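Before any comments, here is the structure.
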Amino acid sequence: DYETGEYRDSTRKDIAAFTKLVDAVDSADFLWTALTAKDVTPLAHGPHELWVTMQNTTKHVQGVTVQSAEDAKVQIELAALIAGGKEELKKRPLFSVIACPIAPLTYEQGSIEAQVELAKAGIPVASMSMSNGGVSSPLPVAGMLVNINTENLGSLVISQMAAPGAPHIYCSESGPMDMRTGSINSSSPEKSFLSIALAQMAKRYSLPSLVADCGWGDETEACVSGVLTPATQIIGIMSGSDLVTGLGSIDSAKGISFEQFIVDSYMWDCCKNYLHEVEISGEKIGLDAVKEVGHGHNFLTHPHTLRYLRGELTFWEKEKLDLLEMDDKEVPAEANRIVKSLLDKHQVEPLANDLIEKGDAIIAKYEDIVGK
């Protein structure tokens with residue numbers, strides 16, 4: 060809780076606030092429904108989370124909960140309200156959905172039936188394999204890789220049988236087991252090896268990929284210092300994965316910290332500069348400038364230097380560097396100040412009242428069914 064510092068269950072109010080925060084920063088291009096609405100009917104929490112999130116952002120939303128065919132239909136109906144109908148939604152999906160096989164190579168009935176409905180509606184499905192090396196897949200990287208690839212191909216077959224050509228995302232959140240806990244070791248080098256290999260596999264199949272992440276340590280406190288978060292961010296960027304997730308995550312992705320999101324997003328902005336493309340051309344090489352300057356002189360005042368000074372060099376944003384270079388003990392308070400400032404100033408254009416009423420009615424009707 061960014062106001063009290065308490066680590067507690069999340070509500071729709073928290074989802075709205077976190078979504079608004081993510082919408083306010085340029086570093087995040089899309090967002091997950093990353094918090095669970097604990098204040099609603101349990102079997103209806105997925106539609107609630109999607110609906111609250113879509114009311115508080117203009118960015119693409121990736122849902123993480125869909126439990127049945129009816130659940131999927133409700134989420135499609137909610138998004139169609141905003142898109143202007145199901146055909147418009149199909150042309151430009153406003154959301155996508157994470158669907159997790161159960162390693163090794165098992166698919167739940169509810170998840171499969173939901174995936175079929177999503178595929179028919181043109182909603183992209185990310186088949187997130189969660190292979191835990193040594194527990195639910197072979198321990199070596201090669202064994203995990205084959206298990207993950209097989210689960211993704213199996214999920215792809217489900218989508219394509221339901222609707223040939225349906226959009227699909229090659230996806231993984233896998234790694235070796237943590238010998239202390241038995242859960243996935245999110246900070247292990249082997250997990251990063253998988254990201255690099257899986258990004259290549261996705262390209263082999265001409266599929267977009269979500270196989271890298273950052274910031275998913277096991278800490279329950281925000282802004283914990285160390286080298287692993289920047290290391291995983293850099294590897295995530297360099298892996299070749301089309302999508303990368305994890306900003307703001309704590310406690311092995313079981314929790315979200317608003318302050319950690321600010322730190323992670325600032326770090327992400329800095330890391331993205333390493334993807335800067337370098338153009339090799341006669342003009343950029345500057346042979347004419349070399350001839351004019353001659354041996355033993357400098358290029359400080361030459362027009363060629365001035366022409367490319369701003370476009371060719373990286374200029375770090377001072378505000379972001381100040382936070383990242385701050386003393387560890389001061390970071391949480393400063394990040395909290397930034398969170399409160401952004402939430403106070405950032406405004407998201409609200410949906411029309413009639414749309415909100417229709418969406419609320421759709422969810423209420425669904426709750427009457429699943430709540431019995």
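Just add 59 to wherever you are in the sequence shown, counting from 1, and you've got the numbering used here.
Even for Gly, the Cβ is constructed at its ideal location relative to N, Cα and C.
Since this is a predicted model, take the numbers as computed values, not measurements.
With a threshold of 16 other CB atoms inside 10 Å of the CB of Tyr-229, please say whether the residue is buried or exposed. Here residue 229 is taken as the residue at index 170 of the sequence shown, counted from 1. It counts as buried.
DSSP state of Gln-126, grouped into three classes? Residue mapping note: residue 126 aligns to position 67 of the sequence shown, counting from 1. Here Gln-126 sits in coil by DSSP.
Below 6 Å CB to CB, which residues in the same chain sit around Ser-231 once its five sequence neighbours on both sides are set aside? In the sequence shown, residue 231 corresponds to position 172, counting from 1. So the qualifying residues of the chain are Ser-188, Ile-207, Leu-257 and Val-270.
So the candidates are Ser-251, Lys-377 and Met-238; which of them puts its Cα closest to the Cα of Cys-273? By 1-based counting over the sequence shown, the position of residue 273 is 214. Among Ser-251, Lys-377 and Met-238, the Cα nearest to that of Cys-273 belongs to Ser-251.
Hey, out of Val-194, Leu-164, Ala-162 and Val-156, whose CA is closest to Ala-178's CA? What you label residue 178 is simply residue 119 of the sequence shown in a count that begins at 1. Nearest of Val-194, Leu-164, Ala-162 and Val-156 to Ala-178, Cα basis: Val-156.
Which of helix, strand or coil does DSSP assign to Cys-330? Walking along the sequence shown from the start, residue 330 turns up at place 271. Note: Cys-330 maps to helix in three-state DSSP.
Ser-186 and Pro-152: beta carbons closer than 8 Å? By 1-based counting over the sequence shown, the position of residue 186 is 127. By 1-based counting over the sequence shown, the position of residue 152 is 93. Cβ atoms of Ser-186 and Pro-152: not closer than 8 Å.
With distances taken between CB atoms, is the gap from Leu-140 to Lys-417 smaller than 8 Å? Within the sequence shown, residue 140 is the residue found at index 81, counting from 1. Within the sequence shown, residue 417 is the residue found at index 358, counting from 1. It is a contact, given that the beta carbons lie within the stated cut-off.
How many Å lie between Lys-72 and Thr-209 at the Cα? For the purposes of this step, residue 72 is taken as residue 13 along the sequence shown, with counting starting at 1. For the purposes of this step, residue 209 is taken as residue 150 along the sequence shown, with counting starting at 1. Spanning the two alpha carbons is a distance of roughly 39 Å.
Minimum C-alpha distance to Glu-62 - residue among Thr-124, Val-303 and Asn-395: Your numbering for residue 62 matches position 3 in the sequence shown. The option with the nearest alpha carbon to Glu-62 is Asn-395.
Restricting to Cα atoms, I'd like to know which of Glu-176, Gly-241 and Leu-164 is closest to Val-133. As a working note, residue 133 is residue 74 in the sequence shown. Among Glu-176, Gly-241 and Leu-164, the Cα nearest to that of Val-133 is on Glu-176.
By DSSP, does Gly-202 sit in helix, in strand, or in coil? Here residue 202 refers to the residue found at position 143 of the sequence shown. Residue state, collapsed to three classes: helix.
In chain order, what residues of the same chain lie with their CB nearer than 7 Å to the CB of Thr-304, ignoring the 5 residues before and after it? The residue given as residue 304 occupies position 245 in the sequence shown. Correct list, in chain order: Trp-91, Leu-269 and Asp-272.
Meets three-Cβ-pair contact criterion under 8 Å: the stretch 311 to 328 and the stretch 340 to 347: no
Continuous alpha helix (DSSP H) stretch holding Tyr-425: start and end: The count along the sequence shown starts at 1 and reaches residue 425 at position 366. Where Tyr-425 is concerned, the enclosing alpha helix (DSSP H) stretches over 412 to 429.
Using C-beta distances below 7 Å, list every residue in its chain close to Ser-127, excluding the 5 sequence neighbours before and after it, in chain order. Within the sequence shown, numbered from 1, the residue matching residue 127 stands at position 68. Correct list, in chain order: Gly-169, Glu-172 and Ala-173.
Leaving out the 5 sequence neighbours to the left and right, which residues in its chain are closer than 8 Å to Pro-106 when beta-carbon positions are compared? As a working mapping, residue 106 is identified with position 47 in the sequence shown. Excluding residues within five positions, the ones whose Cβ falls inside 8 Å are Asp-130, Val-133, Gln-134, Leu-137, Ile-421, Ile-422 and Tyr-425.
Which value, in whole angstroms, describes the spacing of the CA atoms of Gln-114 and Pro-362? For the purposes of this step, residue 114 is taken as the residue at position 55 of the sequence shown. For the purposes of this step, residue 362 is taken as the residue at position 303 of the sequence shown. The straight-line gap from Cα to Cα measures roughly 50 Å.
Out of curiosity, what's the CA-to-CA distance linking Glu-146 and Glu-371? In the sequence shown, the residue the question calls residue 146 occupies position 87. In the sequence shown, the residue the question calls residue 371 occupies position 312. C-alpha separation (whole angstroms): 43 Å.
Nearest-angstrom Cβ-Cβ length linking Asp-310 and Pro-267, presumed shorter than 8 Å: The residue labelled residue 310 in the question sits at position 251 within the sequence shown. The residue labelled residue 267 in the question sits at position 208 within the sequence shown. With a Cβ gap of about 28 Å, Asp-310 and Pro-267 do not count as contacting.
To the nearest angstrom, how far is the alpha carbon of Leu-414 from that of Val-111? In the sequence shown, residue 414 corresponds to position 355, counting from 1. In the sequence shown, residue 111 corresponds to position 52, counting from 1. Approximately 13 Å, taken between the alpha carbons.
Inter-residue Cα distance where the pair is Val-99 and Ala-158: In the sequence shown, residue 99 corresponds to position 40, counting from 1. In the sequence shown, residue 158 corresponds to position 99, counting from 1. Going from the Cα of Val-99 to the Cα of Ala-158 covers about 22 Å.
Inter-residue spacing [alpha-carbon to alpha-carbon] between Lys-118 and Arg-263: Within the sequence shown, the letter at position 59 stands for residue 118. Within the sequence shown, the letter at position 204 stands for residue 263. Roughly 28 Å between the two C-alpha positions.
Would a C-beta distance cut-off of 8 Å place Asn-332 and Thr-373 closer than the cut-off? By one-based count along the sequence shown, residue 332 stands at place 273. By one-based count along the sequence shown, residue 373 stands at place 314. It is a contact, given that the beta carbons lie within the stated cut-off.
Can you list, in chain order, the residues of its chain with a C-beta nearer than 7 Å to that of Leu-198? Leave out the 5 residues immediately preceding and following it. The residue you call residue 198 lines up with position 139 of the sequence shown. Cβ within range, chain order: Gly-192 and Pro-235.
Would you please state the rounded distance, in angstroms, between the beta carbons of Thr-398 and Phe-317? I believe it to be under 8 Å. Taking the sequence shown and counting its residues from 1, the one referred to as residue 398 is at position 339. Taking the sequence shown and counting its residues from 1, the one referred to as residue 317 is at position 258. Reading off the sequence, residue 398 comes out as Val, not Thr. With a Cβ gap of about 5 Å, Val-398 and Phe-317 count as contacting.
Tyr-229 (DSSP reduced to helix, strand or coil): Counting from 1 along the sequence shown, the entry for residue 229 is found at position 170. Looking at Tyr-229 - three-state DSSP - the assignment turns out to be strand.
Span of the beta strand (DSSP E) holding Val-184? Start at 1 with the first residue of the sequence shown, and residue 184 comes out as number 125. Start and end: 184 to 188.
Tell me the residue span of the beta strand (DSSP E) that contains Thr-364. For the purposes of this step, residue 364 is taken as residue 305 along the sequence shown, with counting starting at 1. It is not in any beta strand (DSSP E) - Thr-364 instead sits in the alpha helix (DSSP H) that spans 362 to 371.
On the DSSP letters alone, give me the boundaries of the alpha helix (DSSP H) that Thr-304 sits inside. Position 245 of the sequence shown, counted from the first residue, corresponds to residue 304. Not the alpha helix (DSSP H): Thr-304 falls in the beta strand (DSSP E), residues 302 to 304.
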